[in-house]
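Student:
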Amino acid sequence: MSITQERTTKVIGQRLLRREDPALLTGEAKYTSDLVIPGALHLAVLRSPYAHARIKSIDVADAKEMPGVVAVYTGKDLHATWVAPMPCAWPVTPDMKNPVHYPLALEKVCYVGDGVAAVLAASDAVARDALDAIDVTYEPLKAVTDLEEALADKTIIHEAIGTNKSYTWNLKVESAEGAVDQAFKNAAYTVSKRYVQQRLLPMAMEPRAVAAVPQPFGGDITLYSATQIPHILKVMTAITIGIPEHQVRVVAPAVGGGFGSKLNVYAEELLCVALSRKHGAPVRWVEERTENAQATIHGRGQIQHVELAADKNGKLTALRVRLIGDMGAYLQLVTPGVPLLGAFLYAGVYDLPQAYDFSCTSVFTTMTPTDAYRGAGRPEATYAIEVAMDALARKIGIDPYELRKRNYIKKEQYFDDKGNQTGYTAFHGLNYDSGDHLSAAEKAMQHADYAGVRQRQAKQNVPGAHKRIGIGMTSYFEMCGLAPSRVLASLNYGAGGWESATVRVLPTSKVQVVTGTSPHGQGHETSWAMIAAEKLGVSPDDVDVLHSDTAIAPLGLDTYGSRSLAVGGLAIAGACDKVIDKARKIAAHQLECAAEDLEFANGMFSVKGSPDKAVPIAAIAFAAFTAHNLPDGVEPNLEAQYTHDPKNFSWPFGTHICIVEVDTETGKVDVLKYVAVDDCGQQINPLIVEGQVHGGVVQGLAQALYEEAVYDSDGNLKTSNLAEYLVPAACDVPPITTDFTVTPSPTNELGVKGIGEAGTIGAASTVMNAVIDALSGLGITHLDMPASPNNVWKAIQAAQGGK
Amino acid sequence: MKVSITINGSRQSHDVEPRTLLVHYIREHAKLTGTNIGCDTSSCGACTVHLDGEAAKSCTILAAQADGGNVTTIEGLAKNGEMHPMQKAFMENHGLQCGYCTPGMVMAAIGLLNENPNPTDEQVRHGLEGNLCRCTGYHNIVKSVLAAAKK
Numbered sequence: 018m019s020i021t022q023e024r025t026t027k028v029i030g031q032r033l034l035r036r037e038d039p040a041l042l043t044g045e046a047k048y049t050s051d052l053v054i055p056g057a058l059h060l061a062v063l064r065s066p067y068a069h070a071r072i073k074s075i076d077v078a079d080a081k082e083m084p085g086v087v088a089v090y091t092g093k094d095l096h097a098t099w100v101a102p103m104p105c106a107w108p109v110t111p112d113m114k115n116p117v118h119y120p121l122a123l124e125k126v127c128y129v130g131d132g133v134a135a136v137l138a139a140s141d142a143v144a145r146d147a148l149d150a151i152d153v154t155y156e157p158l159k160a161v162t163d164l165e166e167a168l169a170d171k172t173i174i175h176e177a178i179g180t181n182k183s184y185t186w187n188l189k190v191e192s193a194e195g196a197v198d199q200a201f202k203n204a205a206y207t208v209s210k211r212y213v214q215q216r217l218l219p220m221a222m223e224p225r226a227v228a229a230v231p232q233p234f235g236g237d238i239t240l241y242s243a244t245q246i247p248h249i250l251k252v253m254t255a256i257t258i259g260i261p262e263h264q265v266r267v268v269a270p271a272v273g274g275g276f277g278s279k280l281n282v283y284a285e286e287l288l289c290v291a292l293s294r295k296h297g298a299p300v301r302w303v304e305e306r307t308e309n310a311q312a313t314i315h316g317r318g319q320i321q322h323v324e325l326a327a328d329k330n331g332k333l334t335a336l337r338v339r340l341i342g343d344m345g346a347y348l349q350l351v352t353p354g355v356p357l358l359g360a361f362l363y364a365g366v367y368d369l370p371q372a373y374d375f376s377c378t379s380v381f382t383t384m385t386p387t388d389a390y391r392g393a394g395r396p397e398a399t400y401a402i403e404v405a406m407d408a409l410a411r412k413i414g415i416d417p418y419e420l421r422k423r424n425y426i427k428k429e430q431y432f433d434d435k436g437n438q439t440g441y442t443a444f445h446g447l448n449y450d451s452g453d454h455l456s457a458a459e460k461a462m463q464h465a466d467y468a469g470v471r472q473r474q475a476k477q478n479v480p481g482a483h484k485r486i487g488i489g490m491t492s493y494f495e496m497c498g499l500a501p502s503r504v505l506a507s508l509n510y511g512a513g514g515w516e517s518a519t520v521r522v523l524p525t526s527k528v529q530v531v532t533g534t535s536p537h538g539q540g541h542e543t544s545w546a547m548i549a550a551e552k553l554g555v556s557p558d559d560v561d562v563l564h565s566d567t568a569i570a571p572l573g574l575d576t577y578g579s580r581s582l583a584v585g586g587l588a589i590a591g592a593c594d595k596v597i598d599k600a601r602k603i604a605a606h607q608l609e610c611a612a613e614d615l616e617f618a619n620g621m622f623s624v625k626g627s628p629d630k631a632v633p634i635a636a637i638a639f640a641a642f643t644a645h646n647l648p649d650g651v652e653p654n655l656e657a658q659y660t661h662d663p664k665n666f667s668w669p670f671g672t673h674i675c676i677v678e679v680d681t682e683t684g685k686v687d688v689l690k691y692v693a694v695d696d697c698g699q700q701i702n703p704l705i706v707e708g709q710v711h712g713g714v715v716q717g718l719a720q721a722l723y724e725e726a727v728y729d730s731d732g733n734l735k736t737s738n739l740a741e742y743l744v745p746a747a748c749d750v751p752p753i754t755t756d757f758t759v760t761p762s763p764t765n766e767l768g769v770k771g772i773g774e775a776g777t778i779g780a781a782s783t784v785m786n787a788v789i790d791a792l793s794g795l796g797i798t799h800l801d802m803p804a805s806p807n808n809v810w811k812a813i814q815a816a817q818g819g820k
Numbered sequence: 009m010k011v012s013i014t015i016n017g018s019r020q021s022h023d024v025e026p027r028t029l030l031v032h033y034i035r036e037h038a039k040l041t042g043t044n045i046g047c048d049t050s051s052c053g054a055c056t057v058h059l060d061g062e063a064a065k066s067c068t069i070l071a072a073q074a075d076g077g078n079v080t081t082i083e084g085l086a087k088n089g090e091m092h093p094m095q096k097a098f099m100e101n102h103g104l105q106c107g108y109c110t111p112g113m114v115m116a117a118i119g120l121l122n123e124n125p126n127p128t129d130e131q132v133r134h135g136l137e138g139n140l141c142r143c144t145g146y147h148n149i150v151k152s153v154l155a156a157a158k159k
């Protein structure tokens, strides 16, 4: 037996290298498409080339004849297979319209990429070849790609619901009736803006992949999928196909990024399961990139009307928001909830009185369904308030930083009169856990040399300047750590927001942590080992982290919404506490003292006042295993399960600053510097935190400068691969200057907040404010994303009267 | 048709369809799944390997074109249980997150240093423009390559 040595250094906060890396760096890691599955049939899906059409007939005879083809199915062939339609877990209003849809279309197709038929064959190549032999006759109908036009209901996409409108969701908070209207009437300044959140393609580098392996006689089925949500997928697979839940096991092998796009229940997952059961053989499917662009969910897709009212000092007095949300053709898992996640963030980090009027109307279009994409609702909200704040500053004639300083929630507002940390209860009733917005902003200002850049700008941005400098900022708030279950109930979400962990100390004192989170790049194995090591006083090398297999980690709600640490990490801490409590009883029994007289530090129980009377937790683990001498009523083994339901969301915040140079002749934007000062509370592993910020910032920056899912008026996606959709390369993005302030969250024991989405939430508005700032001297005060050379050049031409 | 390729020092021969791409030969015939596929337009670089000593996107080459050639994949970099200095640099500088682009990125980075042993930040960024990463924002990838160059 090896007894773990006493550990006295603090683990949390160290820049530990990731234990995940050797497998990923050597090709040893297995993604779903790497799995060797003998006897597997290959699935290929025939997809609609039309955005909107009626299926008149499908002739599969020729395809069935092809050598190697095992079976061909249409939507009608499989209709009896489904016990329930494709799931949507978030009916945001009681009257929300949710058109019934199945893994394969029945009467109609509603977007380019909608599944029409499925081929099973001996190889992927044969299956895909056979798609060409299927003859579908369509009656093309009018595509609906414009949100405002969709709302007019001239072309109804889903006849059964009779309208393209899915729902309207309101959040109106007024100190007295009419407060918003009154504030606008009394305002010294108002700003009214229309912003477009273009559709984005998540483009995780690993396309989706699925393999279903049945046990034809036992009845069990194992579903391997490149998913962020093995636990939710297990429940939904059971419900939609009618398999007893205990017979479904879902495994997420190595997963190559998600960003929300793998937070879903997809047709191909259900097809693989259903067809593998039908044929009594494994069925697998690997997505091609073009399919990924068409058939994996898209992000964003909103039109935002934002109105600010401010007094003569620029202090915000009211806010009005009208959104139109693009749902795409159908509601996927959490499609309708995305705008709601932003609804609480339109006032950003500002001290808004109770004068807020938010309404979102969501519509169906004949485009790929939208759903959560990195930040999900919160980048959109942050963009709207932060770009509008710059517009307000220009109107008042003051520096945007000065305007923000006048509006920040002050540090002292997070404390009561007696100095107790109470958090700040915002106008909408949610409590912001902690914040120090000015400190983060000041730090960012120093890194960016804000005053220096303003001077340089004054010299450089003269009339006729070929290259103009711009500096933009964003002070953001993020609502994450999804989520307190009771709050989710109030928003009609179909599940809770808890997370589960099991911690067991093995007989040889090694530790297993079983988590319900499901990492796909975030380094949970490293960070979770650090949390358990810190709590139990052992080395992180002695802690193993098990995850992403519902047979090993049966309880969990998976990874999205920057929840893994703020909820899942706390579950691990809680399970460790339960283990320590149990070990304390055994230690007291061994040391012949009362449990209350023992202190636990650095992995050692010792009697208060008699430090020589001590026993390490490692020895207790062995004693718990042998069970030779346990106190009465104490079960053998040292193991505990804990489920954490957060008391509050967590609220990371920070300030980002971007400096750009715009070439007025070509419209090209060069990012000279990007500074991110983020505050995610206590950091577990700063190395990983920085990496999350880098990647997040570049995804937000990419929305501002490069990315857009472009549809033509016939509903064809014109950017359906990585040659046409501009995911930036290394040479397209700047180095990122990262720094941090640390304002621990008082609502959880670890003081943590979450960092997965912060970079993306802060970046798009920061970059766009910089670009607009560079061009404002030319009379440009508005620019839609992406600020591509073409769009910038056109804006400059228009501002100069077409000259 | 029969195609023979030496992969990571081991000579292999397989009967393949003429349309077989090198990446499919590596993954499906040689059973080396460390080389990943991320697109269908030769844009992402996830499948980058070394062919006769030079970095190449294995989705742009037919297996038949590589007949008689010498291929190194990510599995062939570690020697005697020790990772290649570039692999180590990626680990030490947190140059990877989900790891899917990583094998291709590492192979491209080694190819880059073979051609330019002391690149600047800017040269690394341009040298890797054929390899896409969605997780890291490239910051730590560039750092990793510069660190490997110093080794």
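The listed protein sequences correspond, in order, to chains P and Z. The numbering of the first sequence is this note's numbering, which starts it at 18 and goes up by one. The numbering of the second sequence is this note's numbering, which starts it at 9 and goes up by one. From the three backbone atoms N, C-alpha and C, an ideal C-beta is built for every residue, glycine too.
Between the alpha carbons of ASP729/P and TYR67/P, how many angstroms are there, rounded?
Tutor: Roughly 12 Å between the two C-alpha positions.
Student: Please list, in chain order, all residues of the same chain as MET18/P whose beta carbon is under 8 Å from its beta carbon, the five residues on each side excluded.
Tutor: Confidence at MET18/P is low in this model, with a pLDDT of 34, below 50, so its placement is unreliable and no value can be given for it.
Student: Would you be able to state if there are at least three C-beta pairs under 8 Å between the stretch 344 to 360 of chain P and the stretch 415 to 429 of chain P?
Tutor: No, they do not touch.
Student: If we count the other Cβ atoms within 10 Å of its Cβ and call it buried at 16 or more, is LYS202/P buried or exposed?
Tutor: Classification for LYS202/P: exposed.
Student: Indicate whether the contact test is met: 3 or more Cβ pairs, each with one atom in the stretch 461 to 479 of chain P and one in the stretch 391 to 401 of chain P, closer than 8 Å.
Tutor: At 8 Å Cβ cutoff, the stretches do not touch.
Student: In chain Z, which residues lie with their C-beta within 9 Å of the C-beta of VAL750/P?
Tutor: ARG133, GLY145, TYR146, HIS147, listed in chain order.
Student: Got a sec: which bits of the stretch 83 to 97 of chain Z sit with their beta carbon under 8 Å from any beta carbon on chain P, in order along the chain?
Tutor: Against chain P - using a Cβ distance shorter than 8 Å - the residues of the stretch 83 to 97 of chain Z are GLU83, LEU85, ALA86, MET91, GLN95.
Student: Classify VAL272/P as helix, strand or coil using the three-state DSSP reduction.
Tutor: Coil at VAL272/P, not helix or strand.
Student: Can you tell which of VAL338/P, SER737/P, HIS315/P, ALA600/P has the C-alpha that lies nearest to the C-alpha of ALA326/P?
Tutor: Nearest of VAL338/P, SER737/P, HIS315/P, ALA600/P to ALA326/P, Cα basis: VAL338/P.
Student: Whole-angstrom Cβ separation of ILE151/P and VAL77/P, contact assumed at under 8 Å?
Tutor: Indeed they touch by this definition, with Cβ atoms about 5 Å apart.
Student: For PRO157/P, which residues from the same chain have a beta carbon less than 6 Å from its beta carbon, with the 5 sequence-adjacent residues on both sides left out?
Tutor: For PRO157/P, where only same-chain residues beyond five positions count, the Cβ hits under 6 Å are TYR67, ALA70.
Student: In whole angstroms, what is the alpha-carbon distance linking SER737/P and ARG133/Z?
Tutor: Cα to Cα, the separation comes out at about 25 Å.
Student: State the start and end residues of the unbroken beta strand (DSSP E) segment that holds PRO231/P.
Tutor: Residues 226 to 231.
Student: Grab me the residues of LEU52/P's own chain with a C-beta within less than 7 Å of its C-beta, minus the 5 sequence neighbours each way, in chain order.
Tutor: So the qualifying residues of the chain are ALA228, TYR241, PRO270.
Student: Return the CA-CA distance between ASP131/P and LYS93/P, expressed in angstroms with no decimal places.
Tutor: Distance between the alpha carbons of ASP131/P and LYS93/P: 15 Å.
Student: Report the rounded CA-to-CA distance for CYS497/P versus PRO669/P, giving the unit in angstroms.
Tutor: Cα to Cα, the separation comes out at about 8 Å.
Student: Using a Cβ-Cβ cut-off of 8 Å, state whether GLY17/Z counts as contacting chain P.
Tutor: Not an interface residue.
Student: Which residues, in chain order, does the stretch 290 to 307 of chain P contribute to contact with chain Z at a C-beta distance below 7 Å?
Tutor: Correct list: GLU305, ARG306, THR307.
Student: So if DSSP puts PRO26/Z in a beta bridge, which residue, or which two residues, is it bridged to?
Tutor: Paired residues: none, contrary to the question.
Student: Whose Cβ in chain Z lies nearer than 8 Å to the Cβ of LYS47/P?
Tutor: Near LYS47/P (Cβ distances below 8 Å), the residues of chain Z are THR41.
Student: Start and end of the alpha helix (DSSP H) containing VAL786/P?
Tutor: Just to set this straight, residue 786/P is Asn in the shown sequence, not Val. Looking at the DSSP string, the run of the alpha helix (DSSP H) that includes ASN786/P is 775 to 792.
Student: Can you pull the chain P residues whose beta carbon is under 7 Å from the beta carbon of PRO111/Z, in chain order?
Tutor: The answer, in chain order, is GLY44.
Student: Please identify the residue among PHE98/Z, CYS106/Z, GLY138/Z, LYS65/Z whose C-alpha is closest to the C-alpha of LYS151/Z.
Tutor: Residue PHE98/Z is the option with its Cα nearest to LYS151/Z.
Student: Count the other C-beta atoms from every protein chain shown that fall within 10 angstroms of the C-beta of GLU495/P, then say buried if there are 16 or more, exposed otherwise.
Tutor: Counting Cβ neighbours within 10 Å, GLU495/P comes out buried, since at least 16 surround it.
Student: Can you tell me whether ASP453/P is buried or exposed, with buried defined as 16 or more other CB within 10 angstroms of its CB?
Tutor: Per the 10 Å Cβ criterion, buried.
Student: Counting along the chain, where does the alpha helix (DSSP H) carrying ASP561/P start and finish?
Tutor: That residue, ASP561/P, is in no alpha helix (DSSP H); its beta strand (DSSP E) goes 560 to 563.
Student: Expressed to the nearest angstrom, what Euclidean distance is found between the alpha-carbon atoms of ARG521/P and GLY650/P?
Tutor: Their Cα atoms are separated by approximately 19 Å.
Student: If you reduce the DSSP assignment to three classes, tell me which class GLU495/P lands in.
Tutor: Coil at GLU495/P, not helix or strand.
Student: Does the contact criterion of 3 or more C-beta pairs under 8 Å hold for the stretch 75 to 84 of chain Z versus the stretch 767 to 780 of chain P?
Tutor: The stretch 75 to 84 of chain Z vs the stretch 767 to 780 of chain P: no contact.
Student: Mind listing which residues of the stretch 715 to 740 of chain P have their C-beta closer than 8 Å to chain Z's C-betas, in chain order?
Tutor: Of all residues in the stretch 715 to 740 of chain P, VAL715, GLN716, ASN738, LEU739, ALA740 have a Cβ within less than 8 Å of some Cβ in chain Z.
Student: Quick test of your reading: GLY732/P and MET384/P, contact by CB under 8 Å. State the CB separation rounded to the nearest angstrom.
Tutor: Between MET384/P and GLY732/P the Cβ distance is about 6 Å, and since that is below 8 Å, they are a contact.
Student: Does the contact criterion of 3 or more C-beta pairs under 8 Å hold for the stretch 535 to 544 of chain P versus the stretch 274 to 294 of chain P?
Tutor: Cβ pair count under 8 Å is three or more, so yes.
Student: Check each candidate in ALA389/P, THR567/P, ALA134/P, ILE634/P and name the one with the smallest Cα separation from ARG216/P.
Tutor: It is ALA389/P whose Cα lies nearest to the Cα of ARG216/P.
Student: Under a CB-based cut-off of 8 Å, is ALA746/P close to chain Z?
Tutor: ALA746/P counts as touching chain Z.
Student: Which value, in whole angstroms, describes the spacing of the CA atoms of GLU23/P and GLU766/P?
Tutor: Confidence at GLU23/P is low in this model, with a pLDDT of 49, below 50, so its placement is unreliable and the value that follows should be read with caution. About 23 Å.
Student: Apart from the five residues just before and just after VAL531/P, which ones in its own chain have a Cβ nearer than 7 Å to its Cβ?
Tutor: Cβ neighbours of VAL531/P beyond the five flanking positions: ALA518, THR519, LEU563, ILE569, ALA570.
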